[in-house]
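**Q** The sequence shown begins at 640 in my numbering and counts up by one. From the three backbone atoms N, C-alpha and C, an ideal C-beta is built for every residue, glycine too.
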Amino acid sequence: MEAKQNNLIKSLRIQPLIVVIRLEHNFFNLSKKKENLLSKIEKLSNFGIKNIEIGWDSNPEWVNLILEIKKRFKSINIGVASISSRQSLESILSLDVNYSMSQFFNKEIHIQAIEYNQLVIPGISNIENFKEAIDLGYKIVKIFPASKLGINFINELKDFKKKDIFFIGAGGIKSKNLKKFLKSGYDALVIGRELRNQTPDKDLEIWLEDY
Numbered sequence: 640m641e642a643k644q645n646n647l648i649k650s651l652r653i654q655p656l657i658v659v660i661r662l663e664h665n666f667f668n669l670s671k672k673k674e675n676l677l678s679k680i681e682k683l684s685n686f687g688i689k690n691i692e693i694g695w696d697s698n699p700e701w702v703n704l705i706l707e708i709k710k711r712f713k714s715i716n717i718g719v720a721s722i723s724s725r726q727s728l729e730s731i732l733s734l735d736v737n738y739s740m741s742q743f744f745n746k747e748i749h750i751q752a753i754e755y756n757q758l759v760i761p762g763i764s765n766i767e768n769f770k771e772a773i774d775l776g777y778k779i780v781k782i783f784p785a786s787k788l789g790i791n792f793i794n795e796l797k798d799f800k801k802k803d804i805f806f807i808g809a810g811g812i813k814s815k816n817l818k819k820f821l822k823s824g825y826d827a828l829v830i831g832r833e834l835r836n837q838t839p840d841k842d843l844e845i846w847l848e849d850y
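Now the structure itself:
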């Protein structure tokens, strides 16, 4: 897990942004939805996005979908969102993804992930979970929801940290606020639902010019 953490930090230092795409309702029942997803990823790639997370789904076809995406978009650092159960964790074992994330801290899932050598970045919303994550060996954590927890919370965490921790902010972040959050102490950010149709808007286009 150490190597995976270091590699992700390295990638996010180059471009401190992850775009998350969640699968639409009835995704696997309509082939057009898959075409739309691949088109979105291609568009994001063409805009220069380097890190993309795909939401986990319990459908058995989901694993094949991720394998296809990884094969087709080799220049994108593909990760998985919403790993919060044993089923979701076990489904990523064969995928060899570089990283995944959980919405909230689940000690049992994170211990299991470490045993499997899977980087499942914990979602943190309080100091107790933050301490537990550090004790498990995490040096990357996701602050969720960043837009509600605010800047004071991350400053609180920085007072508690025993070593350098890489902070990823997620939840309610708009592209127009990327610079503000990064200047306030976050090392990288996740945007998803706030980015309409997961398509770069003018604010994101301007921000990407620096990366």
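Going by other Cβ atoms of all chains shown within 10 Å of its Cβ, with 16 needed for buried, is S741 buried or exposed?
**A** buried
**Q** Please go through the region 755-827 and give each complete beta strand (DSSP E) segment of 3 or more residues, from N-terminal end onward.
**A** Listed in chain order, the complete beta strand (DSSP E) runs (minimum 3 residues) inside the region 755-827 are 779-782 and 805-809.
**Q** Alpha carbon to alpha carbon, what distance is there between K679 and R594?
**A** Because the chain spans 640 through 850 in this model, residue 594 falls outside it and cannot be assessed.
**Q** In whole angstroms, what is the alpha-carbon distance linking W695 and R661?
**A** 8 Å
**Q** For the candidate residues I804, D840 and P761, whose alpha-carbon lies nearest to that of N645?
**A** Minimum Cα-Cα distance from N645 among the listed residues I804, D840 and P761 corresponds to I804.
**Q** Mind checking who V702 pairs with in its DSSP beta bridge?
**A** Answer is none; V702 lacks a bridge partner.
**Q** Are there 16 or more other CB atoms within 10 angstroms of the CB of E795, so buried, or fewer, so exposed?
**A** E795 comes out exposed.
**Q** When the Cα of V780 is compared with those of A809, Y850 and S697, which residue comes out closest?
**A** A809
**Q** Verify whether the separation of the beta carbon atoms of V702 and S724 is less than 9 Å.
**A** no
**Q** Measure from the alpha carbon of I750 to the alpha carbon of each residue in L656, F792 and A772, then state which is nearest.
**A** A772
**Q** Given a cut-off of 9 Å, decide if V659 and I830 are closer than it, judged by their beta-carbon atoms.
**A** yes
**Q** Would N716 pass as a contact of K682 if the rule is Cβ separation under 9 Å?
**A** No.
**Q** Whose CA, out of K822, N816 and D826, lies closest to the CA of D840?
**A** The shortest C-alpha separation from D840 is found at N816.
**Q** May I have a chain-ordered list of the alpha helix (DSSP H) segments no shorter than 4 residues that lie completely inside the region 670-701?
**A** 670-685
**Q** So what does I653 bridge to, in DSSP terms?
**A** Answer by DSSP bridge pairing: none, since I653 is not bridged.
**Q** Could you tell me if I708 is buried or exposed, where buried requires 16 or more neighbouring beta carbons within 10 angstroms of its beta carbon?
**A** buried
**Q** Below 9 Å between beta carbons: does that hold for D849 and K813?
**A** Result no, Cβ atoms of D849 and K813 do not sit closer than 9 Å.
**Q** Report the rounded CA-to-CA distance for E767 versus F744, giving the unit in angstroms.
**A** Their Cα atoms are separated by approximately 10 Å.
**Q** Please report the Cβ distance between F806 and I793, rounded to the nearest whole angstrom; I am assuming they are in contact, meaning their Cβ atoms lie under 8 Å.
**A** Contact between F806 and I793 holds: their C-beta atoms lie close to 6 Å from each other, under 8 Å.
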